[in-house]
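Here the sequence shown is numbered in the working numbering, starting from 2 and rising by one per residue. Note that beta-carbon positions come from the ideal geometry of N, C-alpha and C, so glycine has one too. As the structure is a computational prediction, the values presented were derived from the model and not from experiment.
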Amino acid sequence: MSKIILTGDRPTGKLHIGHYVGSLRRRVALQNSGEFEKIFIMIADAQALTDNADNPEKIRQNIIEVALDYLSAGLDPAKSTILIQSCIPELTELSFYYMNLVTVSRLQRNPTVKAEIQMRNFETSIPVGFFTYPISQAADITAFKATTVPVGEDQLPMIEQTREIVRKFNDVYGGGEGVLVEPDALLPTESAARRLPGTDGGAKMSKSLGNCIYLSDTPADVKTKVMSMFTDPDHIKITDPGKIEGNTVFTYLDAFSKPEHFAEFLPDYANLDELKAHYKRGGLGDVKVKKFLLAVLEDTLAPIRARRAEYQKDIAGVYDILKKGSELARETAAKTLDDVKAAMKINYFSDAALIQSHVDRYKG
Ligand code: TRP
């Protein structure tokens with residue numbers, strides 16, 4: 002069976018380096034691996050609206066930002082189809098039919114949705130659309146017959162829900178091989194990439210906490226953020242022994258540094274282990290490590306920034322990429338919806354045998 006990728010992001014803000022190590026970098030590698038027949042990258046605006054219904058302007062403003070971040074990170078519209086979720090109405094229709102295959106109590110058990118409800122203080126006023134977004138996400142994935150969904154660990158419950166819907170659908174409607182495909186999640190391999198902490202050492206980068214380094218940050222922004230980054234609060238004098246665990250600068254180095262960075266930027270050390278050992282022993286100051294991290298980050302960010310500058314000169318062209326991608330994606334989703342409706346026996350006009358049987362029923 003050919004391998005197909007679908008994944009995406011809610012356009013609620015610009016993408017940051019946590020998105021980069023957690024997903025974007027991998028997507029670009031997968032795109033360039035040549036192993037996948039098709040790759041769909043979705044800007045999930047409809048899902049973003051499920052908890053931003055009162056703020057559509059935020060979503061509207063961020064679609065172009067996410068698109069620019071994708072393109073500048075190296076997603077290539079010639080190899081990956083970038084689409085906007087709301088431009089594919091077939092997804093909504095699929096969701097409506099899938100809703101019959103999922104129980105309320107099953108949705109209530111989704112740990113990611115549970116955590117999100119708590120975080121947003123929805124409690125008793127959960128929007129139905131938000132509550133059911135795992136079903137809509139199953140539509141996103143199955144509409145493209147995705148075999149492979151590269152996501153972070155927090156999205157595993159959505160993939161599991163999708164697999165259950167596919168099995169239930171096949172069970173109830175048959176539909177034959179391949180009407181719906183059971184997808185597999187593809188998780189980040191490096192532990193450092195699973196969840197990049199904020200620059201303040203907080204568990205997660207988040208816009209509202211102001212602890213993000215954005216892909217679109219200027220070199221000056223990045224420098225300020227790195228130089229004021231959380232390290233080991235007990236590492237006061239250079240001679241003090243330092244801690245690596247929970248030290249954001251080292252967590253970032255785990256995620257971003259490559260062996261060749263040492264030869265290039267910090268030749269006194271052969272590799273990250275040597276640098277860590279010196280820090281633990283004492284005698285290595287934070288500023289020196291931060292300067293190294295800055296060089297390492299800039300090695301990744303400079304080419305991204307340069308590509309962004311190019312695309313920013315042609316915003317209309319970026320909108321055109323999104324329009325073309327959405328149109329192309331819609332063709333695939335429409336085909337799946339046709340298959341789904343046929344399996345569900347709601348394809349009345351294309352079923353000549355059905356019409357004939359009713360003609361026969363009322364024949365004199
Ligand atoms: N829920 C994902 C997120 O919050 C975004 C998303 C929407 C998605 N549809 C998807 C991810 C389908 C993977 C597959 O980031």
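Bounds of any beta strand (DSSP E) do not take in A354; it lies within the alpha helix (DSSP H) bounded by A353 to R362.
In the three-state scheme derived from DSSP, where H, G and I count as helix and E and B as strand, K346 is classed as coil. With contacts defined by Cβ atoms closer than 7 Å, I6 and I40 form a contacting pair.
Counting only residues of its own chain and dropping the five nearest sequence neighbours on each side, L295 has a CB closer than 8 Å to the CB of V223, K224, V227 and M228. For V290, the CB contacts under 6 Å within the same chain, skipping 5 residues up- and downstream, are V250 in chain order.
In this structure, DSSP gives A186 an extended state, which the three-state scheme calls strand. Counting C-beta pairs with one atom in each stretch, the region 242-249 and the region 46-53 have fewer than three that are closer than 8 Å, which means they do not touch.
According to DSSP, residue pairing for P151 in a beta bridge involves L187. Taking 7 Å as the cut-off, the Cβ atoms of I85 and D46 count as close. For M228, no beta strand (DSSP E) encloses it; the enclosing alpha helix (DSSP H) starts and ends at P220 to M228. A221 and V167 have their C-alpha atoms some 49 Å from each other. Per DSSP, the continuous alpha helix (DSSP H) segment holding D70 begins and ends at P57 to A74.
In this structure, A139 has its CB at a distance of at least 6 Å from all heavy atoms of the ligand TRP. Short note on V152: C-beta closer than 6 Å to some heavy atom of the ligand TRP. Under the three-state reduction of DSSP, M43 is assigned to strand. A direct Cα-to-Cα measurement between A303 and K15 gives close to 17 Å. Of the heavy atoms belonging to the ligand TRP, none sits nearer than 6 Å to the Cβ of Q119. For G9, the closest C-alpha among the options R61, A68, P234 and T113 is that of A68.
Secondary structure of T51 (DSSP, three-state): coil. Contact check for H262 against V288 fails: the beta carbons are separated by 7 Å or more. Counting only runs of 4+ residues, the alpha helix (DSSP H) found wholly inside the region 248-291 occupies 249-257, 260-266 and 273-282, in chain order.
Taking the C-beta atoms as reference points, T190 is found no nearer than 7 Å to D155. The continuous alpha helix (DSSP H) containing L157 extends over residues L157 to Y174. By the neighbour-count criterion, in which a residue is buried when 16 or more other Cβ atoms sit within 10 angstroms of its Cβ, H359 is exposed. Distance between S351 and Y98, taken at the CA atoms: about 19 Å.
Taking the Cα positions, V319 is about 44 Å away from E275.
In its chain, beyond the 5 residues on either side, A47, S137 and A140 have a beta carbon closer than 8 Å to the beta carbon of T93. It is roughly 8 Å from the alpha-carbon of Y312 to the alpha-carbon of S73. Not one heavy atom of the ligand TRP falls within 6 Å of the beta-carbon of A144.
Remark: the shortest separation between the CB of D10 and any heavy atom of the ligand TRP falls under 6 Å. For the pair K4 and T148, the CB atoms are nearer than the 7 Å cut-off. Check the Cα spacing between H236 and each of T219, H279 and L267: the tightest is with H279.
A direct Cα-Cα distance of roughly 18 Å separates D201 from L216. Relative to the ligand TRP, even the nearest heavy atom lies 6 Å or more away from the CB of Q32. Around the Cβ of N122, a 10 Å sphere holds fewer than 16 other Cβ atoms; the residue is exposed.
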